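Visitor:
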Amino acid sequence: ATRAVERLALEFARDLLEVVDGSVSLEVDGRLAFKRRAIIERARVMLDQLAEAGIDRERILLKIPATWEGIEAARKLKDKNGARCHMTLVFGLHQLAACADAGASVIAPAVGRITDFHKKQDGVEGYAPDADPGVLAVRRMLAYLAAHHPETRLMASTFRSPEQASALADCPLLCLPPKIIEELQASEAPVLDLPPVDVPERLSIDQAAFQKLHAADALAQSKLASAVQNLSWAYVSQEKQLVEWIAKRQDEAAESSTLALFRIWDYDGDGFIDREEWNGTEEVFNALDRDNNGRISLEEMAAGLGAPYRPEE
Numbered sequence: 001a002t003r004a005v006e007r008l009a010l011e012f013a014r015d016l017l018e019v020v021d022g023s024v025s026l027e028v029d030g031r032l033a034f035k036r037r038a039i040i041e042r043a044r045v046m047l048d049q050l051a052e053a054g055i056d057r058e059r060i061l062l063k064i065p066a067t068w069e070g071i072e073a074a075r076k077l078k079d080k081n082g083a084r085c086h087m088t089l090v091f092g093l094h095q096l097a098a099c100a101d102a103g104a105s106v107i108a109p110a111v112g113r114i115t116d117f118h119k120k121q122d123g124v125e126g127y128a129p130d131a132d133p134g135v136l137a138v139r140r141m142l143a144y145l146a147a148h149h150p151e152t153r154l155m156a157s158t159f160r161s162p163e164q165a166s167a168l169a170d171c172p173l174l175c176l177p178p179k180i181i182e183e184l185q186a187s188e189a190p191v192l193d194l195p196p197v198d199v200p201e202r203l204s205i206d207q208a209a210f211q212k213l214h215a216a217d218a219l220a221q222s223k224l225a226s227a228v229q230n231l232s233w234a235y236v237s238q239e240k241q242l243v244e245w246i247a248k249r250q251d252e253a254a255e256s257s258t259l260a261l262f263r264i265w266d267y268d269g270d271g272f273i274d275r276e277e278w279n280g281t282e283e284v285f286n287a288l289d290r291d292n293n294g295r296i297s298l299e300e301m302a303a304g305l306g307a308p309y310r311p312e313e
């Protein structure tokens, strides 16, 4: 099922690349977020699939959660495989700094989720754009990258309002839901012009420093853990839906084949195959004739062949 989900995502990516400019992100299984080696192995399989499908790897980003293990996996994939990585679920400056040091192509902080955390902590309904914690956090990240890693692109995501998007209009990339895009298109309000933020000092991040800073950051610690869990649930849900879809199509195909086979022998079209119409062996006829009435119904044939049967309503 996991391979089927990945293959489906690859086919979607192929179609998207034909209608959009720029890059398309392919998500590595979120259940592997804390398993460096497994992320690398899965990502390399995906890269091989891209090559086999003739898809330009330069237009594909591998989307990986910004856990320490995910960041180190991205470093290895870039250094050894030339992969371009899109680091997601970024909530703290220490995550951003580590991702940039690892050579990530795109880093995606979660604006709305940062704001959600503070709204709950502060017991408020919202903030003015120039005081929005999510906006302020991402603007500090923008300043950090501009000063220390200008080659790395930041893509703000999980917006909750058009005002948040307007406040981050100078961000290189924005991941916006259709509703907010429509609201921005309909709005005549000017783009918000906020004062510059102080540039954070460059961080030196190894595993020990990352873990120490992460443990001290209640927001990042809480949101990263819950977001990884949600990713895992989403992946399981996708697998379940795809398995059900495939099973349904297989059942429909088997049912159609059984009906076609039944009609070959049901010469008079009365809905039964009697012994005179039967062209097979006596042993098979007797095995299919489950009620021993000398006739084989469509339901009996389906049961004998292990195919589904749904009588017409």
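Quick note on numbering: my numbering labels position 272 of the sequence shown as 272, and the sequence is numbered without any gaps.
Ideal Cβ placement from N, Cα and C applies to all residues, glycine included.
In this text, all values refer to a predicted model and were calculated from it rather than measured experimentally.
Among all the DSSP beta bridges, which residues are the ones paired with GLY11?
Guide: Correcting the residue identity first, residue 11 is Glu in this sequence and not Gly. DSSP, once it has assigned bridges, lists no residue as partnering GLU11.
Visitor: Taking C-alpha atoms, which residue in ARG160, ARG140, ALA167 lies nearest to ARG202?
Guide: ARG202 has its Cα closest to that of ARG140, out of ARG160, ARG140, ALA167.
Visitor: Below 8 Å on the Cβ atoms is my contact criterion, and I expect LYS35 with GLU69 to pass it. Report the Cβ-Cβ distance as a whole number of Å.
Guide: With a Cβ gap of about 6 Å, LYS35 and GLU69 count as contacting.
Visitor: Roughly how many angstroms lie between the CA atoms of ALA33 and VAL191, to the nearest whole one?
Guide: Using only the alpha carbons, I get a separation of about 37 Å.
Visitor: Counting only runs that start and end within the region 144-204, where is the alpha helix (DSSP H) found for 4 or more residues in a row?
Guide: Runs found: 162-167, 178-186.
Visitor: Could you tell me which residues DSSP pairs with LYS63 in its beta bridges?
Guide: In the DSSP output, where bridge partners are listed per residue, LYS63 has GLU27, HIS86.
Visitor: Would the beta-carbon of GLY323 fall within 8 Å of that of SER297?
Guide: This structure cannot speak to residue 323, because the chain is shown only from 1 to 313.
Visitor: Less than 7 Å between the CB of VAL135 and some heavy atom of the ligand NAD, yes or no?
Guide: The ligand NAD is not part of this structure, which contains no ligands at all.
Visitor: Whole-angstrom Cβ separation of ALA156 and LEU168, contact assumed at under 8 Å?
Guide: That belief holds up - the Cβ atoms of ALA156 and LEU168 are roughly 5 Å apart, short of 8 Å.
Visitor: Can you tell me which of ARG75, PRO109, PRO129 puts its alpha carbon nearest to the alpha carbon of ASP193?
Guide: Minimum Cα distance to ASP193 is reached at PRO129.
Visitor: Can you tell me the Cα-Cα spacing of VAL197 and VAL28, whole angstroms?
Guide: Those two C-alpha atoms are separated by around 34 Å.
Visitor: Using only CA atoms, which one of ALA74, SER25, ALA208, ALA66 lies nearest to ALA227?
Guide: When each option's Cα is compared against that of ALA227, the closest is ALA66.
Visitor: Using a Cβ-Cβ cut-off of 7 Å (strictly less than) and excluding sequence neighbours within five positions of LEU77, which residues of its own chain qualify?
Guide: Same-chain partners within the cutoff: ILE40, ALA43, LEU62, ALA83, CYS85.
Visitor: So if DSSP puts ALA110 in a beta bridge, which residue, or which two residues, is it bridged to?
Guide: Paired residue(s): SER157.
Visitor: Are the region 212-229 and the region 86-106 touching, with three or more C-beta to C-beta distances below 8 Å?
Guide: Segments in contact, yes.
Visitor: Please classify ALA307: does DSSP put it in a helix, a strand, or coil?
Guide: Residue placement at ALA307 cannot be trusted, given a pLDDT of 47 that sits under 50; what the coordinates show is reported in the next sentence. Coil, per DSSP.
Visitor: For PRO162, which of LEU176, VAL284, LEU213 has the nearest alpha-carbon?
Guide: Nearest of LEU176, VAL284, LEU213 to PRO162, Cα basis: LEU176.
Visitor: Which same chain residues, not among the five before or five after GLY294, have their C-beta less than 8 Å away from its C-beta?
Guide: Closer than 8 Å at the Cβ level, and outside the excluded window around GLY294, lie ASP274, ARG275.
Visitor: Using the Cβ count rule (16 or more neighbours within 10 Å means buried), how would you classify ALA260?
Guide: Exposed, since its Cβ has fewer than 16 Cβ neighbours within 10 Å.
Visitor: Three-state secondary structure (DSSP) at ILE40?
Guide: Helix.
Visitor: In the DSSP assignment, the alpha helix (DSSP H) including ARG75 goes from what residue to what residue?
Guide: Segment 68-81, the alpha helix (DSSP H) holding ARG75.
Visitor: Identify, in the order they occur along the chain, each residue of the same chain with its Cβ nearer than 7 Å to the Cβ of LEU288, setting aside the five sequence neighbours on each side.
Guide: ILE296, GLU300, MET301, GLY304.
Visitor: Just curious, the beta strand (DSSP E) that ASP266 is in, first and last residue?
Guide: Run containing ASP266: none; DSSP gives neither H nor E here.
Visitor: Using the C-alpha atoms, what's the distance from TYR267 back to GLU7?
Guide: Correcting the residue identity first, residue 7 is Arg in this sequence and not Glu. Each residue's alpha carbon lies about 44 Å from the other.
Visitor: Taking the alpha-carbon positions, what's the VAL138 to LYS80 distance?
Guide: Rounded to whole angstroms, VAL138 to LYS80 spans 30 Å at the Cα level.
Visitor: When the Cα of ALA218 is compared with those of LEU231, GLN121, ASP291, which residue comes out closest?
Guide: Measuring from the Cα of ALA218, the nearest candidate turns out to be GLN121.
Visitor: Could you tell me the boundaries of the beta strand (DSSP E) in which ASP274 lies?
Guide: Note, ASP274: beta strand (DSSP E), 272-274.
Visitor: Among ILE60, ASP15, VAL111, which residue has its Cα nearest to the Cα of CYS171?
Guide: Looking at the Cα atoms, VAL111 is the closest of the given residues.
Visitor: Leaving out five residues on either side along the sequence, give the residues of the same chain with a beta carbon under 7 Å from the beta carbon of ARG160.
Guide: These residues qualify, in order along the chain: GLY112, THR115.
Visitor: From what residue to what residue does the beta strand (DSSP E) around VAL297 run?
Guide: Rather than Val, the amino acid found at residue 297 in this sequence is Ser. Its beta strand (DSSP E) spans residues 295-297.
Visitor: According to the neighbour-count rule (16 or more other Cβ atoms, all chains shown, within 10 Å of its Cβ), is GLU312 buried or exposed?
Guide: Any reading at GLU312 needs caution, since the residue's pLDDT is 47, under 50, leaving its predicted position unreliable; the model's value is listed next. The residue in question, GLU312, is exposed, as its Cβ has fewer than 16 Cβ neighbours within 10 Å.
Visitor: What residue does the alpha helix (DSSP H) around GLU283 start on, and which one ends it?
Guide: That run of the alpha helix (DSSP H) goes 282-288.
Visitor: Need the endpoints of the alpha helix (DSSP H) that ALA208 sits in, please.
Guide: Per DSSP, ALA208 belongs to the alpha helix (DSSP H) from 207-216.
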